[in-house]
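In the order they appear, the protein sequences are chains A and B. Be aware that the first sequence starts at 13, since it is given in my numbering, and climbs by one per residue. Be aware that the second sequence starts at 138, since it is given in my numbering, and climbs by one per residue. For glycine and all other residues, C-beta sits at the position ideal for the given N, C-alpha and C. Let me begin by presenting the structure, written as structure tokens, before commenting on it.
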Amino acid sequence: MIRRHSDLPLERDSSSRFMPWIIAFMVFLAVLSLTSAMVLNSAVSRWTAGLTGTLTVQIIASEEDRGADLAAVTEKAAKVLQATPGVEGIRILSEREVGALLEPWLGTDEAFKDLPLPRLIDVTIDETIEMDLEALAAQLAEVAPGATVDDHRKWLADLITLVRSVELFSAGIVLLTALIAILTVIFAARTGLAVHHHVIELLHIIGARDSYIARQFQYHALTLGLRGGILGLGLALVALFALSGVAGDVQSRVVPELSLSAGQWVVLAGLPLITAVIAMLTARITVLRTLARMP
Amino acid sequence: MVSLDPVVRFENVGMRYGRGPEILRDISFALEPGCFYFLTGLSGAGKSSLLRLMYLGHRPSRGLISLFGHDISTVPSVKLPDVRRRIGVVLQDFRLLDHLSALDNVALPLRIAGARSDQINEHVVELLRWVGLEQQLNARPPTLSGGEQQRVAIARAVINRPSLLLADEPTGNIDDKIAMRVLYLFEELNKVGTSVVIATHNESLVNRFDYPQMHLEDGQLHQTSAAQRISA
């Protein structure tokens, strides 16, 4: 005959209507921020793994050599490389392959066909042997003036700095959204305490402990936090899938692939729960601190 | 062994709201276990405020209050709920929870005290039947008359078999017949050991009983024993 219920009619408060939407919006932003950070992080890991143990030798036709046979120069450079200790293999990229690499920036316009494209040699090296890249570059310059040796370290270092900055920025956004969610819960809890002051006073009079009253607020906040969190995650997933579809055409060329590992999906799926727990703890602390000031 | 400590003891107690003037001054009295008192005075004399001090709804601005032998100023705040659970309070505005049924309203003190559901159900139904509300168990307060709401409030105050019952104008909204019935209920509780203090401005009702009286006037308390009242 007696049902489980809340002594405080918190469900009827206006905060019950607006709080899930605010939390949903915050979780939405947090999911997008986290996803971008995780996608960039994965891309850097893939790029780092892909470039480790490789060198790229670029042979540019110099002013004097313009029109000369660049292929012959490239062959000479290849022979120098093959004779270098620590080089495990080389592959000369065809003009078509070099053109394909530049296609995202230059397009397929016929006008670009006449541009003096450099020749590239992909070199696989033994990572256990330390190579003197300056000496190698000097050797190559003798047979192929203007040849450069790129071990990708500088490019990677710059990229990693950029990605780490984006990650920090994303973490800042996540922290900011968490802070706003916390402030929202504090505001809602204080409003609830003010609106239901008479009921709370009555519960006190008849012997309710502060924790008994706080429990009602914290479960209410947990419910609203979960509701808002799931809504926000759902909206963010829709946005991500839409973005993934739009990026599908270009991702293989200039944008990192929009895919996450199972662990990263678990982190995203856990966000509503984390948000709800933060809301619950915030409500509990706020209510207990306020009640402690009552007679 | 029965404790002989007064249920309530006030020593030079003063009370003010915020920074306002002191509305109760130098209040000193002691209520022995099993006593029955009327607290009288004109409207605004401070009867409700004095009751607030007794049920720990407000801190005194000065003086000493002890309940059940414990100096309240030294009781840790985590222990105060235990003290409050020994006090039943009927508030002037009833303070029923509109979203709960009469049954759930009366069950509130038991639920807060952690009683088992089956015990709660049994006791609450029995008490509501006793105050004549067996047909209104699942009714919500807004659908009840003023008198019915008052009886729900009284049932909620006594469901825990309190050691001290404080009632603020418990007969204010009900007719004389039901008022007498309510007072007889308080008498019955008093007979089983509950100390009772009833604040009222209804002199005619007070005069029908021979209980001692505490009278508030100009923020000060004057006590009249039963014998003095009879001789007067």
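With DSSP as the reference, please indicate the residues paired to His359 (chain B) in a beta bridge.
Stepping through the second sequence from its first residue, residue 359 (chain B) is reached at position 222. Residue pairing for His359 (chain B): DSSP places it in a beta bridge opposite B:His352.
Which value, in whole angstroms, describes the spacing of the CA atoms of Arg298 (chain B) and Leu285 (chain A)?
As a working mapping, residue 298 (chain B) is identified with position 161 in the second sequence. As a working mapping, residue 285 (chain A) is identified with position 273 in the first sequence. Each residue's alpha carbon lies about 43 angstroms from the other.
Contacts of Leu245 (chain B) in chain A (Cβ-Cβ under 9 angstroms)
Position 108 of the second sequence, counted from the first residue, corresponds to residue 245 (chain B). Under the 9 angstroms cutoff, chain A gives Asp19, Leu214, Leu215, Ile218, Ala220.
Validate contact between the segment 160-180 of chain A and the segment 53-69 of chain A using beta carbons, cut 8 angstroms, 3 pairs
Counting Cβ pairs under 8 angstroms, three or more are found: they touch.
Do the CB positions of Leu270 (chain B) and Val295 (chain B) come within less than 8 angstroms of each other?
Reading the second sequence from its first residue, position 133 is the one you call residue 270 (chain B). Reading the second sequence from its first residue, position 158 is the one you call residue 295 (chain B). It is not a contact, given that the beta carbons lie outside the stated cut-off.
Does DSSP put Glu100 (chain A) in a helix, in a strand, or in coil?
Mapped onto the first sequence, residue 100 (chain A) falls at position 88. Three-state DSSP puts Glu100 (chain A) in a strand.
For Lys184 (chain B), is the classification buried or exposed, using 16 other Cβ atoms within 10 angstroms of its Cβ as the cut-off for buried?
Within the second sequence, numbered from 1, the residue matching residue 184 (chain B) stands at position 47. Label assigned to Lys184 (chain B): buried.
Considering only the alpha carbon of each residue, which of B:Phe231, B:Leu161, B:Leu193 lies closest to Leu281 (chain B)?
Position 144 of the second sequence, counted from the first residue, corresponds to residue 281 (chain B). When only C-alpha atoms are compared, the closest one is B:Phe231.
Short Cβ contact (8 angstroms threshold) for Phe199 (chain A) with Val299 (chain A):
For the purposes of this step, residue 199 (chain A) is identified with residue 187 of the first sequence, where counting begins at 1. For the purposes of this step, residue 299 (chain A) is identified with residue 287 of the first sequence, where counting begins at 1. For Phe199 (chain A) and Val299 (chain A), no; Cβs fall outside 8 angstroms.
Min CB distance His232 (chain A) to chain B below 8 angstroms
Locating residue 232 (chain A) in the first sequence gives position 220, where the first residue counts as 1. Cβ-Cβ to chain B under 8 angstroms: no for His232 (chain A).
Start-to-end residues for the alpha helix (DSSP H) that takes in Leu195 (chain A):
By one-based count along the first sequence, residue 195 (chain A) stands at place 183. Its alpha helix (DSSP H) spans residues 165-207.
Any Cβ of chain B within less than 8 angstroms of the Cβ of Val207 (chain A)?
Residue 207 (chain A) sits at position 195 when you count from the first residue of the first sequence. Interface with chain B (8 angstroms Cβ-Cβ cutoff): Val207 (chain A) is excluded.
Would you call the CB atoms of Asp163 (chain B) and Gln360 (chain B) closer than 8 angstroms?
Reading the second sequence from its first residue, position 26 is the one you call residue 163 (chain B). Reading the second sequence from its first residue, position 223 is the one you call residue 360 (chain B). No, they are not a contact pair.
With 16 other Cβ atoms within 10 Å as the buried cut-off, status of Gly240 (chain A)
As a working note, residue 240 (chain A) is residue 228 in the first sequence. Buried: at least 16 other Cβ atoms inside 10 Å.
Bounding residues of the alpha helix (DSSP H) (the contiguous stretch that carries Gly308 (chain A))
Any answer about residue 308 (chain A) is impossible in this case: the structure gives chain A only from 13 up to 307.
Hey, how far is the Cα of Ser182 (chain A) from the Cα of Ala304 (chain A)?
For the purposes of this step, residue 182 (chain A) is taken as the residue at position 170 of the first sequence. For the purposes of this step, residue 304 (chain A) is taken as the residue at position 292 of the first sequence. Per the coordinates, the alpha-carbon of Ser182 (chain A) lies some 37 angstroms from the alpha-carbon of Ala304 (chain A).
Return helix, strand or coil for Phe231 (chain B), following the three-state DSSP convention.
Here residue 231 (chain B) refers to the residue found at position 94 of the second sequence. Three-state DSSP puts Phe231 (chain B) in coil, outside helix and strand.
Phe147 (chain B) - DSSP class collapsed to helix/strand/coil:
As a position in the second sequence, residue 147 (chain B) is number 10, starting the count at 1. Annotated three-state conformation of Phe147 (chain B) is strand, per DSSP.
Would DSSP call His330 (chain B) helix, strand or coil?
What you label residue 330 (chain B) is simply residue 193 of the second sequence in a count that begins at 1. As written in the sequence, residue 330 (chain B) is Gly, which differs from the His given in the question. Assignment of Gly330 (chain B) by DSSP, reduced to helix, strand and coil, places it in the coil class.
Mind checking whether Ala276 (chain B) and Asp305 (chain B) have CB atoms under 8 angstroms apart?
The residue given as residue 276 (chain B) occupies position 139 in the second sequence. The residue given as residue 305 (chain B) occupies position 168 in the second sequence. Contact: no.
Val278 (chain A) burial status per 10 Å Cβ neighbour count (16 or more: buried)
As a position in the first sequence, residue 278 (chain A) is number 266, starting the count at 1. Result: exposed.
Would you mind telling me which residues of chain B sit closer than 8 angstroms to Val299 (chain A), beta carbon to beta carbon, in chain order?
The residue you call residue 299 (chain A) lines up with position 287 of the first sequence. Proximity of chain B to Val299 (chain A) at the Cβ level (cut-off 8 angstroms) is not reached, the minimal Cβ distance being about 15 angstroms.
Would DSSP call Leu301 (chain B) helix, strand or coil?
By 1-based counting over the second sequence, the position of residue 301 (chain B) is 164. Leu301 (chain B) falls in the strand class under three-state DSSP.
Between the segment 189-206 of chain A and the segment 221-229 of chain B, can you find at least three pairs of beta-carbon atoms closer than 8 angstroms?
At 8 angstroms Cβ cutoff, the stretches do not touch.
Using the C-alpha atoms, what's the distance from Phe166 (chain B) back to Leu326 (chain B)?
Numbered from its first residue, the second sequence carries residue 326 (chain B) at position 189. Numbered from its first residue, the second sequence carries residue 166 (chain B) at position 29. Using only the alpha carbons, I get a separation of about 22 angstroms.
Return no unless some Cβ of chain A is closer than 8 angstroms to the Cβ of Ile249 (chain B).
By 1-based counting over the second sequence, the position of residue 249 (chain B) is 112. Closer than 8 angstroms to some Cβ of chain A, the Cβ of Ile249 (chain B) qualifies, so yes.
Determine, using beta-carbon pairs with one atom in the segment 207-218 of chain B and one in the segment 213-222 of chain A, whether at least three such pairs fall under 8 angstroms.
Three or more Cβ pairs closer than 8 angstroms define a contact, and the segment 207-218 of chain B meets that threshold against the segment 213-222 of chain A.
Counted within 10 angstroms of its Cβ, other Cβ atoms place Ile141 (chain A) as buried (16 or more) or exposed
One-based indexing of the first sequence puts residue 141 (chain A) at position 129. By the neighbour-count criterion, in which a residue is buried when 16 or more other Cβ atoms sit within 10 angstroms of its Cβ, Ile141 (chain A) is exposed.
Near-chain A residues of the segment 170-197 of chain B - C-beta to any C-beta below 8 angstroms
Residues Tyr192, Leu193, Gly194, His195, Arg196.
Within the same chain, show all residues whose beta-carbon is closer than 7 angstroms to that of Leu190 (chain B), passing over the 5 residues directly before and after it, in chain order.
Counted from its first residue, the second sequence places residue 190 (chain B) at position 53. The answer, listed in chain order, is Val150, Met152, Pro197, Ile202.
Hey, how far is the Cα of Leu233 (chain B) from the Cα of Val178 (chain A)?
Reading the second sequence from its first residue, position 96 is the one you call residue 233 (chain B). Reading the first sequence from its first residue, position 166 is the one you call residue 178 (chain A). So the alpha carbons of these two residues sit roughly 56 angstroms apart.
So if DSSP puts Gln94 (chain A) in a beta bridge, which residue, or which two residues, is it bridged to?
Position 82 of the first sequence, counted from the first residue, corresponds to residue 94 (chain A). DSSP output for Gln94 (chain A) lists no bridge partner at all.
Is Glu354 (chain B) buried or exposed, if buried means 16 or more other CB atoms sit within 10 Å of its CB?
Here residue 354 (chain B) is taken as the residue at index 217 of the second sequence, counted from 1. Its Cβ having fewer than 16 others within 10 Å, Glu354 (chain B) is exposed.
Beta-carbon of Leu204 (chain B) versus every beta-carbon of chain A: anything under 8 angstroms?
Position 67 of the second sequence, counted from the first residue, corresponds to residue 204 (chain B). At a cut-off of 8 angstroms, the C-beta of Leu204 (chain B) has no neighbouring C-beta in chain A.
Host beta strand (DSSP E) of Tyr174 (chain B) (start-end):
Locating residue 174 (chain B) in the second sequence gives position 37, counting from the first residue. 173-177 is the extent of the beta strand (DSSP E) around Tyr174 (chain B).
Check whether the segment 32-41 of chain A touches the segment 91-106 of chain A, counting contact only when three or more Cβ pairs, one atom from each stretch, lie closer than 8 angstroms.
Contact between the segment 32-41 of chain A and the segment 91-106 of chain A is absent, because fewer than three Cβ pairs lie under 8 angstroms.
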